[in-house]
Amino acid sequence: MKHITKLENSRLKNLKSEYDIIVIGGGITGANVLWDATLRGYNCLLVEKNDYASGTSQATSKLIHGGLRYLKNLEFALVRESLSERRYLAKISPHAVRPMGFIIPIRSWFQRIQLFLGMELYNALSFDRNKEIDLDVQLPRYRWNSLGETIYKVLGLNRKSLKGSFQYYDYANPNPEKHTTEFILSAKEKGAHAFNYLSVTTLKKQNSGGYTVGLTDSISGKKVLVSTKVVVNSAGPWADVIESMTGVTAEKKLVRSKGIHAVVRNICGNECVVLSKRDGSHLFVIPWRGKTIVGTTDTAYEEDPDVFKVKQSEIVDLLDEVNYSFGFAKLTLKDVDYYYGGLRPLVEDPGSTEGTYSASRKSEIFHYEKEGFPGFFSALGGKYTTSRAVAETLVNAIDLYSKGMKSTCVTKFTPLLGGRYQSLKELTNELEFKFPKVPGSKIDTLARRYGSVTWKILSLEGNDSYRIPNGEIYYEEEVEYLVNHEEIFHLTDFYFRRSGVGTVGALDSSERIRLDKKIAKLLGWNADRTKEEIKAVDQRYKWFVD
């Protein structure tokens, strides 16, 4: 029997027996639905069977992008929506985005003309990109790099028939796992309830209307029943599992597409390079926290989403693609400091024969009223960047169903917990004034990581700091803040999702021992429990050898 702390044993004590809305799934879609519905006055509960953002939302290329490639399919509305959403995210969470240049190498005059038109169109569609945006995260317009500039910026590029490159700008989102969780924590601050490690085991329609949901807490083992008027199924790749639990038969089939990324030693400059793979799809080489992320792959996935794993052969294939199109890289498995993968839930058009790469990233919202399940909604497909808009549409539909009229959505301009500041410069100045003894570099680091939450972090006591493999420093106060306020129940939650400490590679053992000790003490774990938790973190750096 594993050791359960007092905190873990009592964590469900405030759970109510009735809610207006239960959201199933704590990825970016569920997080946004919870945030929107809570701000509109609904009494909501979100449940996630693993940790928040541990599925598809941790498997992104860590970008908030307008989707330049959708212009090719003439999906102008999708591109405009993505560009608007990109701006809203920069507005409500400026600390979570960074401007990033993207370089597209050009190898023919036809391609240059074609892309020039694409760039002009992209620029026109993002005409308001810097409106009311902090100077620190404003985006420049695109530019043309000459052959010399291109070679200078992207050393490893194959120079055969190279003419130059276009460079345009989108956002990097350095820690999407943390960003996703921030939507949930912001909703909790406004009165919502949310639990990770709480899974749905039964879902039954009541005769009187509404649903009874059976929940099992995988931490304490407790089982509870709650009732709700509305169910939102935002379980991503598990959405069809939830549907079949209820007895809903969906008209459209969920297709799972597998994507993997590898974090490798630094092989690129300051810009992200967009390369064409041998099969014509795209590959990103992304500068990230002193390392480089390469990805993504796109293959159909037929197995059970619960047994998802990243195989060594897939990592080798990915490195092989990078080495093929990015001359100097010569990456081997030894260069892989970390890897991650996930499943994209795509909605299949029954008549489509195209592969998953060409499948549209449009989201689909279903209400299964006609099938005899009034108040049961599913949100399928979609992408990270547009998740706020998906939630708005979905909560509008809930409004119409439960009140007969739409209420106002305020998520476009209501800042998240860390986004409550006008400009980074002002924020750091105020923090320096309030905490004169704290070094400026530390204030700067924390403000960029946490935005306005830095006030709370710096009001804690702490002298220790921890250095991680890419040279970044993490401070004792932030570790304490995350552990005490962000629902960390396992060491893996801290390393791979809340802090980003473990995602750049395994820590040096002396730093690791100190950090693990600190967290175990904060959470009240005994020696056995600590050992078990440490083992789970070590396991995460091993891939499946096939």
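Using our numbering, the first residue of the sequence shown is number 18, and each one after it goes up by one. Where a beta carbon is used, it is the ideal one built from N, C-alpha and C, also for glycine.
Item                                                                                                                                                                     : Value
For Glu606, which residues in the same chain have their Cβ closer than 8 Å to its Cβ, ignoring the five residues on either side in sequence?                             : Given that the chain is displayed from residue 18 to residue 563, the structure contains no residue 606 and the question cannot be resolved.
Figure out for me which residue from Pro111, Glu65 and Phe450 has the closest Cα to the Cα of Phe6.                                                                      : In the structure displayed, the chain extends from 18 to 563; residue 6 sits before or after that span and is not available.
Enumerate in chain order the residues of its own chain whose CB-to-CB distance from Gly541 is below 8 Å, with the five nearest sequence positions on each side excluded. : Thr22, Lys23 and Leu24
Ends of the beta strand (DSSP E) at Gly312?                                                                                                                              : Lys308 to Gly312
Output needed for Asn480: all residues of its chain with C-beta closer than 7 Å, excluding positions within five of it in sequence on either side, in chain order.       : Glu493
Can the beta-carbon of Tyr356 be found less than 7 Å from the beta-carbon of Ala279?                                                                                     : yes
At which residues does the beta strand (DSSP E) containing Met117 begin and terminate?                                                                                   : Arg115 to Ile123
Going by C-alpha to C-alpha distance, which of Glu260, Ser216, Leu508 and Arg104 sits closest to Gly389?                                                                 : Glu260
According to DSSP, is Thr46 helix, strand or coil?                                                                                                                       : helix
Out of curiosity, what's the CA-to-CA distance linking Thr245 and Tyr318?                                                                                                : 33 Å
In angstroms, rounded to a whole number, what distance separates the CA positions of Asn68 and Tyr214?                                                                   : The question names Asn, but residue 68 is Asp in the sequence shown. Going by the C-alpha atoms only, they are around 6 Å apart.
Keeping to the same chain, check which residues put their C-beta closer than 6 Å to that of Gly135; ignore five residues upstream and five downstream.                   : Leu88
What number of angstroms, rounded off, separates the C-alpha of Leu300 from the C-alpha of Ala209?                                                                       : 39 Å
Quick check on the DSSP output: the beta strand (DSSP E) that includes Phe383 runs from which residue to which?                                                          : Ser380 to His384
Pick out whichever of Leu132, Lys548 and Arg146 has its Cα sitting closest to the Cα of Ile81.                                                                           : Arg146
If you draw a straight line from the alpha carbon of Thr426 to that of Ser99, how long is it in whole angstroms?                                                         : Residue identity differs from the one stated: residue 426 is Cys in this sequence, not Thr. Distance between the alpha carbons of Cys426 and Ser99: 18 Å.
Out of Asp533, Gly436, His502 and Lys454, point me to the one whose CA is closest to Tyr483's CA.                                                                        : Asp533
Please determine if the region 25-35 and the region 170-181 are in contact, where contact requires at least 3 C-beta pairs separated by less than 8 Å.                   : no
Can you give me the C-alpha to C-alpha distance between Phe325 and Lys454, rounded to a whole angstrom?                                                                  : 48 Å
First and last residue of the alpha helix (DSSP H) that includes Ser203?                                                                                                 : Pro193 to Glu206
According to DSSP, which residues form a beta bridge with Gly87?                                                                                                         : The amino acid at residue 87 is misidentified as Gly; the sequence shows Tyr. Its beta-bridge partners do not exist; DSSP assigns none.
Can you tell me whether DSSP reads Tyr139 as helix, strand or coil?                                                                                                      : helix
Is the region 399-417 in contact with the region 39-54, if contact means three or more CB pairs nearer than 8 Å?                                                         : yes
Under 7 Å, do Arg514 and Glu503 count as touching if we go by C-beta distance?                                                                                           : no
Spatial neighbours of Ala537 within its chain, please: C-beta separation below 7 Å, excluding the five flanking residues on both sides.                                  : Thr547
Expressed to the nearest angstrom, what Euclidean distance is found between the alpha-carbon atoms of Pro391 and Leu220?                                                 : 14 Å
Using the Cα positions of Val241 and Ile121, report the straight-line distance between them to the nearest angstrom.                                                     : 53 Å
Go to Ala94, then tell me how far its alpha helix (DSSP H) extends in each direction, as first and last residue.                                                         : Phe93 to Ile109
Where DSSP assigns a beta bridge to Lys305, which residues make up the other side?                                                                                       : Sequence check: residue 305 is Trp here, not Lys. Answer is Lys308, bridged to Trp305.
Near Thr445, which residues of its chain fall below 7 Å by C-beta distance, leaving aside the five closest residues on each side in sequence?                            : Ile460, Asp461 and Ala464
Where does Met117 land, buried or exposed, given buried means 16+ other C-beta within 10 angstroms?                                                                      : buried
For Ser237, tell me which candidate among Leu156, Lys19, Gly358 and Val291 has the shortest Cα-Cα distance.                                                              : Lys19
For Tyr512, count neighbouring Cβ atoms within 10 angstroms of its own Cβ and tell me buried if that reaches 16, exposed if not.                                         : buried
Just checking, does the region 196-210 make contact with the region 304-320 on the three C-beta pairs under 8 Å criterion?                                               : no
Inspect the beta-carbon positions of Ile284 and Thr309 and report whether they are closer than 7 Å.                                                                      : yes
Spell out the partners DSSP gives Glu162 in its beta bridges.                                                                                                            : Sequence check: residue 162 is Asn here, not Glu. Paired residues: Ser182.
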